[in-house]
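Notes follow the structure.
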Amino acid sequence: DQQVKQNSPSLSVQEGRISILNCDYTNSMFDYFLWYKKYPAEGPTFLISISSIKDKNEDGRFTVFLNKSAKHLSLHIVPSQPGDSAVYFCAARDYHRDDKIIFGKGTRLHILP
Amino acid sequence: DVKVTQSSRYLVKRTGEKVFLECVQDMDHENMFWYRQDPGLGLRLIYFSYDVKMKEKGDIPEGYSVSREKKERFSLILESASTNQTSMYLCASRLGKTSYEQYFGPGTRLTVT
Numbered sequence: 008d009q010q011v012k013q014n015s016p017s018l019s020v021q022e023g024r025i026s027i028l029n030c031d032y033t034n035s036m037f038d039y040f041l042w043y044k045k046y047p048a049e050g051p052t053f054l055i056s057i058s059s060i061k062d063k064n065e066d067g068r069f070t071v072f073l074n075k076s077a078k079h080l081s082l083h084i085v086p087s088q089p090g091d092s093a094v095y096f097c098a099a100r101d102y103h104r105d106d107k108i109i110f111g112k113g114t115r116l117h118i119l120p
Numbered sequence: 553d554v555k556v557t558q559s560s561r562y563l564v565k566r567t568g569e570k571v572f573l574e575c576v577q578d579m580d581h582e583n584m585f586w587y588r589q590d591p592g593l594g595l596r597l598i599y600f601s602y603d604v605k606m607k608e609k610g611d612i613p614e615g616y617s618v619s620r621e622k623k624e625r626f627s628l629i630l631e632s633a634s635t636n637q638t639s640m641y642l643c644a645s646r647l648g649k650t651s652y653e654q655y656f657g658p659g660t661r662l663t664v665t
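Chains as they are written, first to last, in our numbering: chain S, 8 to 120; chain D, 553 to 665.
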């Protein structure tokens with residue numbers, strides 16, 4: 008059973024516009040949520056996180072929003088740049104299961120010139 | 553800067569061979585993880601280790617084993633490689649259980665023929 012769901016396998020956005028990547032989860036025991044970015048032939052790199060006690064966290068062009076009642080989070084990238092083209096993984100920490108990190112399947116973001 | 557290195561970027565092995573994938577981290581992290589990444593399936597946890605000599609099964613441990621004799625090194629072993637183990641293998645480390653950010657190595661692309 009998939010606990011972290013990224014329902015859009017891919018997304019195309021014009022350069023300079025806003026990219027919004029979505030993620031849904033089912034387990035209310037998750038206490039931290041993370042976004043990772045992955046380029047081809049490289050390992051994922053940590054991008055931004057949010058604690059379950061917050062509803063927003065911002066870091067430069069990247070903002071993550073958390074809606075606990077809807078069990079939904081989103082990553083906003085403004086403005087989108089060509090270097091943002093990558094696969095983005097949503098992940099959550101389950102503190103009831105030895106603090107394991109559960110990953111979604113990823114969304115491939117294409118930034119169009 | 554945390555550095556996680558993996559012994560090979562690309563590996564080609566024959567069915568039935570024993571395969572060793574090595575991972576080394578240089579930041580004295582307690583926790584280490586092995587994932588595989590497959591198209592459409594995201595990152596799936598194979599095994600993890602919270603300390604030296606300790607190991608725990610992840611979500612897909614069948615056909616794999618691990619070894620952690622030293623804190624900085626975590627090895628993934630394919631006892632008898634099969635074609636369905638062709639995948640991208642990613643190693644990650646984390647400071648400790650209360651941390652959430654994982655640092656990934658560059659990955660090993662394993663092809664079993």
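Backbone N, C-alpha and C define an ideal beta-carbon position, used for all residues, glycine too.
Could you check whether the Cβ of residue i sits closer than 8 Å to any Cβ belonging to chain D?
| i | result |
| --- | --- |
| Glu-49/S | yes |
| Phe-72/S | no |
| Leu-80/S | no |
| Leu-41/S | yes |
| Arg-197/S | This structure does not reach residue 197/S, given that chain S is present from 8 up to 120, and the question cannot be answered. |
| Lys-107/S | yes |
| Gly-67/S | no |
| Lys-112/S | yes |
Please tell me whether residue i has its Cβ less than 8 Å away from any Cβ of chain S.
| i | result |
| --- | --- |
| Gln-654/D | yes |
| Lys-570/D | no |
| Pro-613/D | no |
| Lys-649/D | yes |
| Leu-662/D | no |
| Leu-573/D | no |
| Leu-563/D | no |
| Leu-595/D | yes |
| Leu-628/D | no |
Could you check which residue in the options has the C-alpha nearest to that of residue i?
| i | options | result |
| --- | --- | --- |
| Val-604/D | Tyr-616/D, Gly-610/D, Ser-627/D and Gly-594/D | Ser-627/D |
| Ser-26/S | Lys-61/S, Phe-69/S, Ile-109/S and Ser-58/S | Phe-69/S |
| Arg-625/D | Glu-569/D, Ile-598/D, Ala-644/D and Lys-609/D | Ala-644/D |
| Ser-19/S | Asp-66/S, Ala-98/S, Leu-73/S and Ala-93/S | Ala-93/S |
| Val-664/D | Glu-653/D, Tyr-655/D, Met-640/D and Gln-654/D | Met-640/D |
| Thr-635/D | Arg-566/D, Glu-614/D and Phe-600/D | Arg-566/D |
| Pro-120/S | Asp-31/S, Ser-87/S and Ser-56/S | Ser-87/S |
| Phe-96/S | Pro-51/S, Gly-23/S and Thr-33/S | Pro-51/S |
| Pro-613/D | Arg-646/D, Arg-588/D and Ser-651/D | Arg-588/D |
| Val-85/S | Thr-33/S, Phe-40/S, Gly-23/S and Gln-10/S | Gly-23/S |
| His-117/S | Val-71/S, Tyr-46/S and Ile-55/S | Tyr-46/S |
| Glu-582/D | Leu-642/D, Glu-621/D and Gln-637/D | Glu-621/D |
| Leu-662/D | Thr-638/D, Leu-647/D, Gln-654/D and Tyr-655/D | Thr-638/D |
Go ahead and label residue i buried or exposed: buried means 16 or more other beta carbons lie within 10 angstroms of its beta carbon, across all protein chains shown.
| i | result |
| --- | --- |
| Pro-89/S | exposed |
| Thr-660/D | buried |
| Met-584/D | buried |
| Pro-16/S | exposed |
| Ser-35/S | exposed |
| Tyr-562/D | exposed |
| Val-11/S | buried |
Do the CB positions of residue i and residue j come within less than 8 Å of each other?
| i | j | result |
| --- | --- | --- |
| Gly-67/S | Gly-594/D | no |
| Asp-580/D | Lys-623/D | yes |
| Pro-658/D | Glu-49/S | yes |
| Leu-82/S | Leu-28/S | yes |
| Ala-99/S | Phe-37/S | yes |
| Phe-21/S | Gly-111/S | Phe is not the amino acid found at residue 21/S; the sequence shown has Gln there. Result no, Cβ atoms of Gln-21/S and Gly-111/S do not sit closer than 8 Å. |
| Lys-711/D | Gln-577/D | Because chain D here runs from 553 to 665, residue 711/D falls outside it and cannot be looked at. |
| Lys-607/D | Tyr-599/D | yes |
| Asp-31/S | Lys-75/S | no |
| Ser-56/S | Leu-80/S | no |
Examine chain B for any beta-carbon lying closer than 8 Å to the beta-carbon of residue i, and answer yes or no.
| i | result |
| --- | --- |
| Lys-75/S | As a matter of chain content, chain B is missing from the structure shown, whose protein chains are S and D. |
Can at least three beta-carbon pairs, one atom from the stretch 103-114 of chain S and one from the stretch 53-61 of chain S, be found at a separation below 8 Å? no
Counting Cβ pairs, one atom from each stretch, are 3 or more of them under 8 Å apart for the stretch 627-643 of chain D and the stretch 558-577 of chain D? yes
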